[in-house]
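Working notes, beginning with the structure itself.
Residue numbers (the numbering used here): 621 to 1468.
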């Protein structure tokens, strides 16, 4: 017992004499915990931000009655919910479109909202929220586009009367997504105006002191039989309802959360590798001191336990510090962003996750320290006569390590091939990418385990290529390359951290570029132009004579593309019917470059060739290159399918050439057009909207598609900001991890630096050599990381679905390599300055 205590006291005393080394070792664990908990908080921020942006259900709603239910909720369900004990508030949601009397094609959506309180989705800017019959409040954009200021009265056509109903504007609102055609009132007034008791859903907020389970059970009983025709509407938690709404708006929400989960898993791997590399370097540099303990009688088991206890204590302190730092940043950043006008949600209070990260950091520290501790405990007393630097600079790998590395390579390859075989194809239904992403993380982990094991063997051949230009720079370059090559284990330990950072960053860049390209495709289908003008059915279904020419004559409008549309087209002998066919020329649109075929090529569209929405092509059983038959009335045409689209413009199911639409007997007059604004902005959009309505004379309906594009694009920008935040965490992993290990390697080589100074090397050249050497570590790691990042990034995007394009931003990836090489050089700059300031006599007399 006394001998074991002596070993522990010796270890603690050594740590006290070398606070810089202890700080650097602890810093690696702090960063590990910071990244792990920071990623958890980032995931919560991402989820809450996305759900808040893409869903209409307020965050305060604890239960939602009737979301997505065909039976739906009713006013009876709303009344029943309000009577349940423990319910603080219940709000009915519904909407109805009303047409302004005397203005065909002009109207607005009337929605229900309480106007105040936690469940309100709007905020009063001017005037008052409606509190009486016949009152409405309109959105700020609606005031300008429909000329409805406070106090104005508008007559609308509703379901309660054949005569126009007067509505008075009582206030102006700030709303989540302002389309310019929005008005709000209470749920009771809206139900009266709609003329029925149906509701889209009922949102329920519990009282703060209520038992959620008990209130939920009481709600189940209360709403039984309150649906249409005595049915019972379904109940869902607020979180379930918000996620379902977000998924309905964007198919990529699930993919985004899957990628974020992959970041969480990868962050844990990053923490383990950083910690393992740090402990390995620290123990290698303490080899002489450990050997002296063995020489004076320290038992191997006592030495091993002391090192593991040191790692566990370091993990506990560092884990708590990292979690607190991440929590401070995670809660502060959203507050700062919101003060700057960014709609970013705050994370929750994941106490369980925080405790798990602290305990996990201790576990990671213990696991990370085991292998280095085993090696260190086996040190022979004879090693006391050698220098620590010599031990740290050992070459090659032993047989066990080589075998482990080879097995890891084989395992990574097998898992990679398994994912490759399971990638979704054109006929895959209900694909869930989570399992494949976890397999990719497993394969990547094995690949990096192989890199850790075989790194010293890979350093020299890579250095021969990467270091060739540096050797041409003179003695400083040759000495830097020689310093890295002379200590392959140290070089591998430092470079593997950089390689991990590059892989994470490159993966985030490829993912961001790929999802951006996919989002542009979706936006191109949603908003192919800034403005869409369609003929009113009451006017015969065709644009007025001369309307297209008048629009083209407007100086504020450009890229005017008219087209014809016809519904009721049948594909492949009646297998798929009732489709909308259009002869819209995609090449003339400003968004043409954003379109991407799910299969085939859009460039081949022309006479005798057709493009289908992917869903209809699958239903009809046709693929690009095959022939299909289109039928309209008594006419049929045979066309060759050249491409399919996942997102077609103007809700079309079929895109075909004008000549083929002629063959189907469709009149030559256009039914709609798309146009772009010369100058964008709210004033320009409002002016163009009013101009087009005037030119159409009440016979056209105008949509400002740019509004929907901005809303969706804003959602995407928020998503990618969260991804960039995750990218920032990966940068912290790599740069700080490299800074730690580089600083340790440079600081512990004081004697080597003193020898170089003694033989005549100036301080400036020594400082330059050590800085270049540190940069070379980064360059080696960047090359390795990029080689691994490219196939794994491609595989990750392919695992999300066949429709996801894979984009490799070559310029940004090259910039990452150069930036991290520079960052690692800077990481070694301060230690190099310290080493250069030490006199040769003091350096040569330094001991370990």
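Yeah, the Cβ is synthetic: ideal placement off N, Cα and C, and Gly gets one too.
Model, not experiment: these values are computed from the prediction.
Extent of the continuous alpha helix (DSSP H) run through residue i
i	result
residue 1477	No answer is possible for residue 1477: the residues shown for the chain start at 621 and end at 1468.
residue 697	695-702
residue 809	807-814
residue 848	That residue, residue 848, is in no alpha helix (DSSP H); it is neither H nor E in DSSP.
residue 826	Not the alpha helix (DSSP H): residue 826 falls in the beta strand (DSSP E), residues 821-826.
residue 787	Element bounds for residue 787: not the alpha helix (DSSP H) but the beta strand (DSSP E), 785-794.
residue 1436	1430-1447
residue 746	Residue 746 -> not in any alpha helix (DSSP H); beta strand (DSSP E) instead, spanning 743-747.
Span of the beta strand (DSSP E), counted from its first residue to its last, around residue i
i	result
residue 1230	1229-1233
residue 1243	Where residue 1243 is concerned, there is no enclosing beta strand (DSSP E), given that its DSSP letter is neither H nor E.
residue 1190	1185-1191
residue 728	727-732
residue 717	715-720
residue 857	855-857
residue 778	Looking at the DSSP string, residue 778 is not in any beta strand (DSSP E), and its letter there is neither H nor E.
residue 1198	1196-1202
residue 755	755-759
residue 735	Element bounds for residue 735: n/a, residue is neither H nor E.
residue 1154	1151-1155
residue 1379	Unbroken run through residue 1379: none, as it is neither H nor E.
residue 1030	Here residue 1030 belongs to no beta strand (DSSP E); instead the alpha helix (DSSP H) covers 1019-1041.
Under 8 Å between C-beta atoms of residue i and residue j
i	j	result
residue 989	residue 927	yes
residue 858	residue 681	yes
residue 1090	residue 1407	no
residue 1449	residue 1402	no
residue 758	residue 803	yes
residue 1186	residue 1250	no
residue 807	residue 704	no
residue 732	residue 810	yes
residue 739	residue 836	no
residue 749	residue 791	yes
residue 777	residue 756	no
residue 1272	residue 1222	no
residue 1192	residue 1242	yes
residue 742	residue 752	no
residue 862	residue 677	yes
residue 1129	residue 1436	yes
Closest Cα partner of residue i within the set the options
i	options	result
residue 1135	821, 935, 718, 1216	1216
residue 1421	1204, 1203, 1056	1056
residue 1244	1262, 1452, 1251, 971	1262
residue 1425	982, 1145, 1138, 1061	1138
residue 573	669, 934, 1299	In this structure the chain extends from 621 to 1468, so residue 573 is not present and cannot be described.
residue 1031	1061, 1125, 1271, 1419	1061
residue 1079	1400, 1232, 1405, 837	1400
residue 1264	1282, 1239, 1254	1239
residue 1181	1130, 1101, 1269	1269
residue 1162	1412, 981, 855, 1286	1286
Residues near residue i by beta carbon distance below 6 Å, same chain, minus five either side
i	result
residue 1005	Confidence in residue 1005 is poor, its pLDDT being 49 and thus under 50, which makes the residue's placement too unreliable to answer from.
residue 1142	1267
residue 1144	1211, 1214, 1215
residue 1310	none
residue 1445	1391, 1394, 1395
residue 1312	1153, 1322
residue 621	Residue confidence for residue 621 is low, a pLDDT of 47 falling below 50, so the modelled location carries little weight; the figure read from the coordinates is stated next. So no residue of the chain qualifies.
residue 1010	With a pLDDT of 45 at residue 1010, under the threshold of 50, the modelled position of this residue cannot be trusted, and the question is left open.
residue 950	661, 967
residue 624	In this prediction, residue 624 has a pLDDT of 49, which is less than 50 and means its spatial position is unreliable; what the coordinates show is noted afterwards. Closer than 6 Å at Cβ, skipping near neighbours: 922.
residue 1433	1126
residue 696	846
residue 1226	1277
residue 1119	1401, 1404, 1405
Proximal residues to residue i (C-beta, below 8 Å), its chain only, five neighbours per side dropped
i	result
residue 1297	1150, 1151, 1176, 1177, 1178, 1304, 1305, 1308, 1326
residue 1457	1383
residue 1453	1387
Every unbroken alpha helix (DSSP H) inside the region 1259-1323 [4 residues or more] = 1278-1283, 1302-1316
Considering only residues of the region 1060-1137, which uninterrupted alpha helix (DSSP H) runs meet the minimum length of 4 residues and lie entirely inside it, listed in chain order?
-> 1088-1091, 1095-1105
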